[in-house]
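Working notes, structure below.
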Amino acid sequence: MDSIARQNFDVVVVGAGPAGMAAAARAGESGASVGLVDDNFNPGGQIWRAGIEGSNPQATEWIKRLQVAQVVKLCDVRIFHQPEAGVLLGEAKNEICELRYDKLILATGARERFLPFPGWTLPNVMGAGGLQAMVKSGLNIHGKRVIVAGTGPLLLAVAAYLRKHGAKIATLCEQTSWSSLARFGLGLTAYPSKMAEGLRLKKELADVPFASSSWPVAAHGKDVLEEVTISRGGKVETVACDYLACGFHLVPNTELAALVNCRIENDYVRVDDFQQTTVPEVFCAGEPTGIGGVELALIEGQIAGLAAGRRPAQARELFPMRRKLKKFAAALEDAFQLRSELRDLPSADTVVCRCEDVTYSRLRSYPDWRTAKLQTRCGMGSCQGRVCGPATRFLFKWKPDSVRPPIFPVRVEGLAMAVSPAEPKPQEIKGGYQ
Amino acid sequence: MNAAYDVAVVGAGIVGAACAYECARRGLKVIMVDRDNTGSGTTAAGMGHIVTMDDSEAQFALTRYSQRLWQELRPELPNDVEYEPCGTVWVAADDEEMQEVAHKSTYYGERGVTAHVLDEKQLRTLEPNLRSGMKGGLLVPEDGVLYPPCAARFFTESAQKLGAKTEFGVSVSQIGENRVALGDGSEIRARFVVNAAGTSAPDLTPGLAIKKRKGHLVITERYPGFVRHQLVELGYLKSAHSVTSDSVAFNVQPRRTGQLLIGSSRQYGAEHKEADHHMLVRMLQRAQEYMPALGQMLAVRVWTGFRAATPDKLPLIGPWPGDKSVWLAAGHEGLGITTSLGTARILVDQLTGAKPEIPIEPYLPSRSTQEHVHA
Amino acid sequence: MPSLVALTVNGVSVEVAPGTTVAVAAMQAGQACRISVTGTPRGPLCGMGICFECRMTINGISHCRTCQILCESGMEVTTMSINNG
């Protein structure tokens, strides 16, 4: 039987990636009592995922700051509901966490966008970040042939990482055009560190065949991936491989923000200069406010943490850097637009909803997401539309439904937890948070 | 009179769709109107339990009649309607409820409904995941379950195949005097207008005593074989009876997918569609009392729905005294899925002057004219 | 040198470094994580706990998201099919 762990914080931060760690550290340094929640067993999120080999040095820095600021880390906790204002419920391995907060900072990050094509459900076809996560979690990729495909700067980072761990990158297929990439590359000159990183990656991947305007057409194999047919400059070619790491850029995780009634505009959480959402006690930082990478996430996280920690002057100091980095985010969005050819990739019997095995031909006859959902169960499965939602959005231009709890599947006994009556927080005053 | 249609059915939920299908089957020229798509309102939120209820003679007659019609229709139902004749097991937790079992058994037996009394051991054999200590139950094997949105779509498509027209995604501003006035200013003229708009029926026919009765449902991941029948606690009847207070009752359904559908709850006066955590807690704790292992199962979705409830717990099926052209097929509370077929038959019997197969007096809208407020 | 963690996946013995997830152990053992509702084998897709393709049964408990679960000594992991949940 689940027990319930009740905790009460000045500030709860959900998501321990760069934005969340920065927010939690700054809020804690401002004197607030802070709880940092994440559903992984270690902090770092996706981009700073700690591997078997250890943590990223930047991540390590921030973890130290979290310790000094006495931030309470709640790993392996998955937030599924906000039953009333100011109270979050999270599921841990053997218990339910009830977290009360005065201020909430959402740093829920992003996930990869997956687009269906024939054979994409074969084992060993994974996201680009997905395969990287597997290697960080112990997968031995040495000597394996990998095709990296899709779109976005993540592909380069993933290819470099995999290569460093012994993989043979057979080819890297970026769907965007060469001119788009060139424009983006030129734009990087405004960001010396990103430029340097870009050049470094280019050097590391010098011997990897790279194609723009290129995408996977089909994955083949009996029970597991064996080869991939790719389209390159109008020509089609089949390449043998062990893994296909394929992701089409990122989609913001805005479910929790929507659940707590933050306004979502153009798919992102609307925030003001202080990263405050339309719900006064809720802040949001990082990818859910706009896909912009690590540095922007760190700045936005700090601004949110300082704002929640009632240090607006210190927050303001970071505004100019944020302005600069947001331009990079805009350039990013612009460069990696999905091309219309990708809409034609699925064949009639290509599964689009992987949880319920609903095929493309079944779905295309419906006028909207909700009708399709009710009639076919597309989106009603375990992923709650996180995979098929963005896919059908792109394929059919369907708008998603409203978000309902639980925002992740949760044990029935967790959902059946009554909210405890509010109790005053322990009186210890931490250095100036009033 | 110069009307484009014989019948305009407003509301394409399972009741409206069944009525339209029945009209079309009898050669009537039908149009179906709905502000959304077929089966996307209350129908989509329902459990889909096909059940013979013994709450009153009138309720029994309509549910039994309808259940037989479902059985007749079964061979025609497409696969995605997922009709499963799994039967109902009414669960008795104590001696008092076992007495209720005996009464029910007699009642059904006298009326030709197969029912088997189960003792504690027999109940455990049929449903091993109920907690130990249950006194027994009643198995009603002719009951079943189905997936409502696809059933409504099947009725609509069947009606269309017989020539029915549909106007979906259009709002209706008014009905009456042989007209359905649409939100865009246009109108449809018909000899008869059927108000099958469920909880919105009073918006179109002012004075209807239909109130919203909110319910919650939870669906789990797939756990095939965990539950074999639709399980309902005998206390369900107390819950459905209560006209004023909020209540929950143990109600679990095995879906063909292997998912478990967990209900049920009833609230008056709650108009917002967001789930109420305190009701969810009560409902799920009740469910765990009956089936402890449910606690460890993963809940994937929670949703709410609004049943259309009348004061005497019987639907309104027949002519509306306030307007010669308006007919009602609304107010089915928690039995809309079951009684959609019976409703359609007796409604269209009345419309066409055919003899209904069951007495229609208990469902006539005119029975409530005492409550009808004169404008 | 930390000792390896030994577990079984569909009866196949696997030894992995500490810190390895069950999803990876399944991949290394050449076993599908789950069988989809129409009977096709599936493996991990997203690697971050949102796609649910990596679900397996661990020590009798079904629907475990293996990409977020670390291997423990003696774990008995089996492919989740639609028939055995």
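Residue numbers (the working numbering), protein chains in the order written: chain A, 98 to 531; chain B, -1 to 373; chain C, 927 to 1011. Note that CB positions come from ideal geometry on N, CA and C, so glycine has one too.
If you draw a straight line from the alpha carbon of B:D78 to that of B:C148, how long is it in whole angstroms? The residue you call residue 78 of chain B lines up with position 80 of the second sequence. The residue you call residue 148 of chain B lines up with position 150 of the second sequence. Going from the Cα of B:D78 to the Cα of B:C148 covers about 6 Å.
Beta carbons nearer than 8 Å to chain C: which residues of the region 284 to 296 of chain B have them? Q294 and L296
Counted within 10 angstroms of its Cβ, other Cβ atoms place A:D446 as buried (16 or more) or exposed: Position 349 of the first sequence holds residue 446 of chain A. A:D446 should be labelled exposed.
Contacting residues, own chain, Cβ-Cβ under 7 Å from A:Q531 (five flanking each side not counted): The residue you call residue 531 of chain A lines up with position 434 of the first sequence. With a pLDDT of only 44 at A:Q531, under the threshold of 50, the placement of this residue in the model should not be trusted; the figure read from the coordinates follows. Result list for A:Q531: empty, nothing under 7 Å.
Measure the C-alpha to C-alpha separation of A:L471 and B:A16 and round it to an integer number of angstroms. Numbered from its first residue, the first sequence carries residue 471 of chain A at position 374. Numbered from its first residue, the second sequence carries residue 16 of chain B at position 18. Between A:L471 and B:A16, the C-alpha separation is close to 18 Å.
Kindly list the residues whose CB is nearer than 7 Å to the CB of B:A22, restricted to its own chain and excluding five residues on each side of it in sequence; keep chain order. Stepping through the second sequence from its first residue, residue 22 of chain B is reached at position 24. Cβ within range, chain order: V28, A157, L160, G161 and A162.
Given B:G181 as reference, the closest of B:E165, B:A194 and B:H101 once Cα atoms are compared: As a working mapping, residue 181 of chain B is identified with position 183 in the second sequence. It is B:E165 whose Cα lies nearest to the Cα of B:G181.
Could you name the residues of the same chain whose beta carbon sits closer than 6 Å to that of B:Y63, not counting the 5 residues immediately before and after it, in chain order? Here residue 63 of chain B corresponds to residue number 65 of the second sequence, with the count starting at 1. Excluding sequence neighbours, B:Y63 sits near G340 and I356.
Hey, quick one: how far does the beta strand (DSSP E) through B:R324 stretch, first residue to last? Working through the second sequence from its first residue, we reach residue 324 of chain B at position 326. As written in the sequence, residue 324 of chain B is Val, which differs from the Arg given in the question. V324 to A328 is the extent of the beta strand (DSSP E) around B:V324.
Just how far apart, CA to CA, sit B:D141 and B:G334? One-based indexing of the second sequence puts residue 141 of chain B at position 143. One-based indexing of the second sequence puts residue 334 of chain B at position 336. The straight-line gap from Cα to Cα measures roughly 15 Å.
Could one say the Cβ of B:L278 lies closer than 8 Å to chain A's Cβ atoms, at least one of them? As a position in the second sequence, residue 278 of chain B is number 280, starting the count at 1. So, interface residue.
Would you mind working out which of A:R419, A:T326, A:N191 and A:K291 sits nearest A:L269, comparing C-alpha positions? Counting from 1 along the first sequence, the entry for residue 269 of chain A is found at position 172. Here the closest residue by C-alpha is A:T326.
Partner residues on chain C for B:E219, Cβ-Cβ distance less than 7 Å: If you number the second sequence from 1, residue 219 of chain B lands on position 221. Per Cβ cutoff of 7 Å: H989.
Chain-ordered chain C contacts of B:G161 [CB-CB under 9 Å]: As a first step, residue 161 of chain B is located in the second sequence; it is residue number 163 there, counting from the start. The contacting residues do not exist; B:G161 stays about 36 Å from chain C at best.
How do the region 377 to 396 of chain A and the region 350 to 361 of chain A stand: do at least 3 beta-carbon pairs fall below 8 Å, yes or no? yes
For A:S100, the residue or residues it bridges with in DSSP: Looking up residue 100 of chain A in the first sequence gives position 3. In the DSSP output, where bridge partners are listed per residue, A:S100 has A:E192.
Please list the partners that C:L971 has in chain A, where partner means a Cβ-to-Cβ separation under 8 Å. Position 45 of the third sequence, counted from the first residue, corresponds to residue 971 of chain C. By Cβ distance, chain A contributes F211, V222, M223, G224, G227, R451 and V484.
Spell out the partners DSSP gives B:N249 in its beta bridges. Translated into positions along the second sequence, residue 249 of chain B becomes position 251. B:V230 and B:G261.
Using C-beta distances below 6 Å, list every residue in its chain close to A:T559, excluding the 5 sequence neighbours before and after it, in chain order. The shown model of chain A, from 98 to 531, leaves out residue 559 of chain A, and the question about it has no answer.
Does any CB atom of chain B fall closer than 8 Å to the CB of A:Q373? Within the first sequence, residue 373 of chain A is the residue found at index 276, counting from 1. So no, A:Q373 is outside the interface.
In terms of residues, what are the limits of the beta strand (DSSP E) holding A:I244? Locating residue 244 of chain A in the first sequence gives position 147, where the first residue counts as 1. Counting along the chain, the beta strand (DSSP E) containing A:I244 begins and ends at R242 to T248.
Span of the alpha helix (DSSP H) around A:E430: Counted from its first residue, the first sequence places residue 430 of chain A at position 333. First-last of the alpha helix (DSSP H) with A:E430: F416 to A432.
Out of curiosity, what's the CA-to-CA distance linking A:G529 and A:S130? Residue mapping note: residue 529 of chain A aligns to position 432 of the first sequence, counting from 1. Residue mapping note: residue 130 of chain A aligns to position 33 of the first sequence, counting from 1. Low confidence applies to A:G529: its pLDDT is 45, below 50, so where it sits in the model is not reliable, and the reading given next is rough at best. Going from the Cα of A:G529 to the Cα of A:S130 covers about 11 Å.
In chain order, what residues of the same chain have a beta carbon less than 8 Å from the beta carbon of A:V305, not counting five sequence neighbours either side? As a first step, residue 305 of chain A is located in the first sequence; it is residue number 208 there, counting from the start. Closer than 8 Å at Cβ, skipping near neighbours: A256, R260, I266, T268 and L269.
Is C:A958 close to chain A? Criterion is C-beta to C-beta, closer than 8 Å. Within the third sequence, numbered from 1, the residue matching residue 958 of chain C stands at position 32. Yes, its Cβ sits closer than 8 Å to a Cβ of chain A.
Once the 5 residues before and after A:E397 are set aside, which same chain residues still bring their CB inside 7 Å of it? The sequence position of residue 397 of chain A within the first sequence is 300, counting from 1. The answer, listed in chain order, is A116, Q372, A382, G383, T386 and R419.
Give, in chain order, every residue of the region 125 to 156 of chain A whose Cβ lies closer than 7 Å to some Cβ of chain C. D136, N137, F138, Q143 and I149
For A:Q167, which residues from the same chain have a beta carbon less than 7 Å from its beta carbon, with the 5 sequence-adjacent residues on both sides left out? Taking the first residue of the first sequence as 1, we reach residue 167 of chain A at position 70. Excluding sequence neighbours, A:Q167 sits near G125.
Would you kindly work out how many angstroms separate the C-alpha atoms of B:V346 and B:A327, rounded to a whole number? To locate residue 346 of chain B, count along the second sequence from 1; it is residue 348. To locate residue 327 of chain B, count along the second sequence from 1; it is residue 329. Looking at the two C-alpha atoms, the distance is approximately 10 Å.
Who are the near neighbours of A:A469 in its chain, counting only those whose CB is closer than 6 Å to its CB and skipping five residues on each side? To locate residue 469 of chain A, count along the first sequence from 1; it is residue 372. Around A:A469: L460, Y463 and C475.
Counting only C-beta atoms, is B:G256 closer than 8 Å to chain C at any point? For this step, residue 256 of chain B is matched to residue 258 along the second sequence. It does; some Cβ of chain C falls within 8 Å.
Tell me the rounded alpha-carbon separation between B:T123 and B:N35. As a position in the second sequence, residue 123 of chain B is number 125, starting the count at 1. As a position in the second sequence, residue 35 of chain B is number 37, starting the count at 1. Cα to Cα, B:T123 sits roughly 42 Å from B:N35.
Report the partner residues of A:L203 according to the DSSP bridge assignment. Numbered from its first residue, the first sequence carries residue 203 of chain A at position 106. Looking at the DSSP assignment, A:L203 forms a beta bridge with A:V111 and A:C381.
Pick out whichever of A:T248, A:L322 and A:K300 has its Cα sitting closest to the Cα of A:S311. The residue you call residue 311 of chain A lines up with position 214 of the first sequence. That would be A:T248, whose Cα lies nearest to the Cα of A:S311.
Short of 9 Å Cβ to Cβ, which residues in the region 509 to 525 of chain A face chain B? V509, E510, G511, L512, A513, M514, A515 and V516
Do C:A943 and C:C959 have their CB atoms nearer than 8 Å? Here residue 943 of chain C refers to the residue found at position 17 when the third sequence is read from its first residue. Here residue 959 of chain C refers to the residue found at position 33 when the third sequence is read from its first residue. Not closer than 8 Å, so no.
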